[in-house]
Amino acid sequence: MKCKLSFLLIIFFSFSARADETLDLKLFAQSYYNAMTATQAPNAGAKELEAYLALLTDDIGNQHIPYQPDDSRTPDGKKQMRKGMSFYLGAHTLFESTLLNTFVFNDTGFAIRYKNYVKGIHPQNKQPIEYTSTMMEVIEIENGKVAMIRKYHE
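Numbering-wise, the sequence shown is residues -19 to -1, 1 to 135 according to mature numbering (1 follows the signal peptide of the UniProt record, and there is no 0).
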(Lines of atoms letter the chains of each structure in order from A and count residues from 1; the text may use other names and numbers.)
(Lines give C-alpha, C1' and ligand atoms only; values in the text may rest on other atoms or scores of the structure.)
Protein backbone atom coordinates (compact mmCIF):
# COMPACT_ATOMS: atom_id res chain seq x y z
CA MET A 1 0.00 0.00 0.00
CA LYS A 2 2.81 2.42 0.91
CA CYS A 3 4.48 1.64 -2.41
CA LYS A 4 1.30 2.48 -4.37
CA LEU A 5 0.78 5.70 -2.42
CA SER A 6 4.40 6.72 -2.97
CA PHE A 7 4.08 5.99 -6.68
CA LEU A 8 0.91 8.12 -6.96
CA LEU A 9 2.54 10.99 -5.06
CA ILE A 10 5.59 10.89 -7.36
CA ILE A 11 3.36 11.03 -10.43
CA PHE A 12 1.30 13.88 -8.94
CA PHE A 13 4.35 15.98 -8.08
CA SER A 14 6.06 15.37 -11.41
CA PHE A 15 2.96 16.60 -13.25
CA SER A 16 2.71 19.57 -10.87
CA ALA A 17 6.35 20.45 -11.45
CA ARG A 18 5.87 20.15 -15.20
CA ALA A 19 2.87 22.47 -15.13
CA ASP A 20 5.02 25.16 -13.47
CA GLU A 21 7.73 24.89 -16.14
CA THR A 22 7.29 27.22 -19.07
CA LEU A 23 8.14 26.11 -22.56
CA ASP A 24 11.20 27.84 -24.01
CA LEU A 25 9.59 28.94 -27.27
CA LYS A 26 12.87 30.09 -28.82
CA LEU A 27 14.26 26.59 -28.35
CA PHE A 28 10.97 24.98 -29.38
CA ALA A 29 10.89 27.13 -32.56
CA GLN A 30 14.36 25.85 -33.50
CA SER A 31 13.29 22.24 -32.86
CA TYR A 32 10.14 22.78 -34.91
CA TYR A 33 12.13 24.26 -37.81
CA ASN A 34 14.65 21.41 -37.71
CA ALA A 35 11.92 18.75 -37.67
CA MET A 36 9.89 20.48 -40.40
CA THR A 37 12.86 20.90 -42.75
CA ALA A 38 13.95 17.29 -42.16
CA THR A 39 10.65 16.19 -43.75
CA GLN A 40 11.65 18.01 -46.94
CA ALA A 41 15.08 16.39 -47.38
CA PRO A 42 15.58 14.09 -50.38
CA ASN A 43 15.99 11.06 -48.11
CA ALA A 44 13.09 11.95 -45.77
CA GLY A 45 10.90 9.06 -44.69
CA ALA A 46 8.41 7.99 -42.06
CA LYS A 47 10.92 8.57 -39.22
CA GLU A 48 11.34 12.27 -40.08
CA LEU A 49 7.62 12.71 -40.69
CA GLU A 50 6.66 11.17 -37.33
CA ALA A 51 9.27 13.28 -35.49
CA TYR A 52 7.64 16.39 -36.96
CA LEU A 53 4.08 15.21 -36.29
CA ALA A 54 4.99 14.46 -32.65
CA LEU A 55 5.25 18.23 -32.11
CA LEU A 56 1.62 18.79 -33.20
CA THR A 57 -1.73 18.41 -31.47
CA ASP A 58 -4.06 15.74 -32.84
CA ASP A 59 -6.51 18.43 -33.97
CA ILE A 60 -3.86 20.61 -35.63
CA GLY A 61 -5.08 23.40 -37.88
CA ASN A 62 -3.05 24.21 -40.96
CA GLN A 63 -3.54 27.16 -43.27
CA HIS A 64 -1.36 27.80 -46.32
CA ILE A 65 -2.76 30.58 -48.47
CA PRO A 66 -3.68 30.19 -51.34
CA TYR A 67 -3.46 26.38 -51.27
CA GLN A 68 -5.26 25.77 -47.97
CA PRO A 69 -7.45 28.77 -47.13
CA ASP A 70 -9.45 26.90 -44.47
CA ASP A 71 -7.96 27.18 -40.98
CA SER A 72 -10.40 24.80 -39.27
CA ARG A 73 -9.16 22.48 -36.59
CA THR A 74 -10.62 19.00 -36.86
CA PRO A 75 -10.20 15.96 -34.61
CA ASP A 76 -8.26 14.18 -37.39
CA GLY A 77 -6.05 17.16 -38.33
CA LYS A 78 -2.79 15.31 -37.65
CA LYS A 79 -4.02 12.27 -39.59
CA GLN A 80 -4.82 14.53 -42.56
CA MET A 81 -1.38 16.16 -42.38
CA ARG A 82 0.30 12.74 -42.26
CA LYS A 83 -1.58 11.70 -45.41
CA GLY A 84 -0.82 14.93 -47.28
CA MET A 85 2.83 15.07 -46.28
CA SER A 86 3.41 11.36 -47.01
CA PHE A 87 2.44 11.98 -50.64
CA TYR A 88 5.33 14.45 -51.04
CA LEU A 89 8.00 12.56 -49.05
CA GLY A 90 11.10 12.03 -51.17
CA ALA A 91 9.94 14.33 -53.99
CA HIS A 92 12.94 16.61 -53.59
CA THR A 93 16.31 15.83 -55.11
CA LEU A 94 17.78 18.93 -53.46
CA PHE A 95 16.52 20.90 -50.49
CA GLU A 96 18.33 23.77 -48.80
CA SER A 97 16.81 25.95 -46.11
CA THR A 98 18.05 28.88 -44.07
CA LEU A 99 16.31 30.14 -40.95
CA LEU A 100 16.21 33.93 -41.29
CA ASN A 101 14.30 35.10 -38.19
CA THR A 102 12.53 33.77 -35.12
CA PHE A 103 9.94 35.84 -33.27
CA VAL A 104 8.48 34.74 -29.94
CA PHE A 105 5.09 35.99 -28.72
CA ASN A 106 4.81 35.63 -24.92
CA ASP A 107 4.11 31.94 -24.16
CA THR A 108 1.45 31.32 -26.80
CA GLY A 109 3.27 31.31 -30.09
CA PHE A 110 6.15 32.10 -32.36
CA ALA A 111 6.89 32.87 -35.98
CA ILE A 112 9.76 31.64 -38.10
CA ARG A 113 10.87 33.15 -41.38
CA TYR A 114 13.02 31.04 -43.67
CA LYS A 115 14.23 30.75 -47.23
CA ASN A 116 14.15 27.49 -49.23
CA TYR A 117 15.78 26.40 -52.46
CA VAL A 118 14.15 23.26 -53.86
CA LYS A 119 14.66 20.94 -56.83
CA GLY A 120 12.79 17.73 -57.50
CA ILE A 121 10.06 15.90 -59.35
CA HIS A 122 6.44 16.70 -58.54
CA PRO A 123 4.86 13.40 -57.39
CA GLN A 124 1.53 14.08 -59.08
CA ASN A 125 2.42 15.35 -62.56
CA LYS A 126 6.00 13.97 -62.64
CA GLN A 127 7.30 17.32 -63.91
CA PRO A 128 10.61 18.78 -62.71
CA ILE A 129 10.29 21.52 -60.10
CA GLU A 130 12.79 24.13 -59.02
CA TYR A 131 12.05 27.18 -56.95
CA THR A 132 13.22 29.51 -54.23
CA SER A 133 10.73 30.79 -51.67
CA THR A 134 10.77 32.87 -48.54
CA MET A 135 8.15 31.74 -46.05
CA MET A 136 6.84 32.83 -42.71
CA GLU A 137 5.04 30.42 -40.43
CA VAL A 138 3.03 31.77 -37.53
CA ILE A 139 2.63 29.03 -34.94
CA GLU A 140 0.14 28.90 -32.07
CA ILE A 141 0.97 26.71 -29.08
CA GLU A 142 -1.41 24.85 -26.75
CA ASN A 143 -0.22 22.65 -23.89
CA GLY A 144 3.31 22.50 -25.26
CA LYS A 145 2.35 21.45 -28.78
CA VAL A 146 1.69 23.18 -32.09
CA ALA A 147 -2.06 23.73 -32.44
CA MET A 148 -2.19 26.02 -35.50
CA ILE A 149 0.16 26.63 -38.40
CA ARG A 150 -0.36 29.61 -40.72
CA LYS A 151 2.02 29.82 -43.69
CA TYR A 152 2.64 32.95 -45.73
CA HIS A 153 4.81 33.56 -48.81
CA GLU A 154 6.88 36.71 -49.13
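Where is the CB? At the ideal position from N, CA and C, for every residue including glycine.
Legend entry - Same chain, Cβ closer than 7 Å to residue 104, neighbours up to 5 away in sequence not counted: Only 68, 69 and 72 meet the Cβ criterion.
Inset, instruction - Please state whether DSSP places residue 115 in a helix, a strand or coil. - result: Residue 115: strand per DSSP, three-state reduction.
Inset, instruction - Pick out whichever of 54, 77 and 61 has its Cα sitting closest to the Cα of residue 19. - result: Nearest of 54, 77 and 61 to residue 19, Cα basis: 77.
Legend entry - Touching by the beta-carbon criterion (3+ pairs, under 8 Å), the segment 85 to 98 and the segment 116 to 125: Short answer: they touch.
Inset, instruction - Just mark residue 108 as buried or exposed, buried being the case when its beta carbon has 16 or more other beta carbons within 10 Å. - result: Residue environment: residue 108 is assigned as exposed (fewer than 16 neighbouring CB atoms within 10 Å of its CB, all protein chains considered).
Legend entry - Three-state secondary structure assigned by DSSP to residue 63: The answer is helix: DSSP assigns residue 63 an H, G or I state.
Legend entry - residue 65 classed as buried or exposed, judged by whether at least 16 other C-beta atoms fall within 10 angstroms: By the neighbour-count rule (16 or more Cβ atoms within 10 Å), residue 65 is not buried but exposed.
Legend entry - Contact belief for residue 132 with residue 44 at Cβ below 8 Å, rounded distance in angstroms: The distance from the Cβ of residue 132 to that of residue 44 is about 7 Å, consistent with a contact at the 8 Å cut-off.
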